[in-house]
């Protein structure tokens, strides 16, 4: 991290390599389009490089980086003024028979369609907590809100998802 802050591009490339999958996943889950997610992830890393000096270390680098990614993604959605695309694709976790793949894909599509109906702050909390596996404290740090707010957003998001999926 210290080398990256001094402008060492090789060290920064290592940070990108370590975090690019998580950054892309978050961008994709907010934006719903692979191309938009790649663009947002790239923009998040550009902002990261230019703002490394402002990273104070009060949270983990990953938390800080994912906050940048969420902010870039939410700003992208606002600037385009359009909702998430109707179909969000997600590869099955483990390949098995074609019937299982179809069931998993249909379930994932239902969840993603429901996710896009959530308020943006609830969606972000659910994505980070339940899909990215962050703790409530990490979600709070990433979103820049108190932990109680992060818990509330995730809870309300899950309740709304349950309503939409039943």
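Residue numbers (the working numbering): 1 to 166. Using N, Cα and C, we set each Cβ at its ideal position, and we do this for glycine too.
Hey, residue i and residue j: beta-carbon distance below 8 angstroms or not?
{"i": "residue 26", "j": "residue 45", "result": "no"}
{"i": "residue 72", "j": "residue 35", "result": "no"}
{"i": "residue 141", "j": "residue 63", "result": "yes"}
{"i": "residue 47", "j": "residue 143", "result": "no"}
{"i": "residue 69", "j": "residue 107", "result": "no"}
{"i": "residue 32", "j": "residue 123", "result": "no"}
{"i": "residue 57", "j": "residue 118", "result": "no"}
{"i": "residue 163", "j": "residue 22", "result": "no"}
{"i": "residue 146", "j": "residue 74", "result": "no"}
{"i": "residue 55", "j": "residue 49", "result": "no"}
{"i": "residue 65", "j": "residue 112", "result": "no"}
What residue range is occupied by the uninterrupted alpha helix (DSSP H) comprising residue i?
{"i": "residue 119", "result": "Premise fails: residue 119 is in no alpha helix (DSSP H) and is neither H nor E."}
{"i": "residue 13", "result": "9-31"}
{"i": "residue 159", "result": "147-165"}
{"i": "residue 49", "result": "34-51"}
{"i": "residue 139", "result": "136-143"}
Which whole-angstrom value is the C-beta distance of residue i and residue j, which I expect to be below 8 angstroms?
{"i": "residue 148", "j": "residue 139", "result": "Not confirmed; about 11 angstroms, so no contact."}
{"i": "residue 114", "j": "residue 165", "result": "6 angstroms"}
{"i": "residue 127", "j": "residue 38", "result": "Contact flag wrong, Cβ pair sits at about 17 angstroms."}
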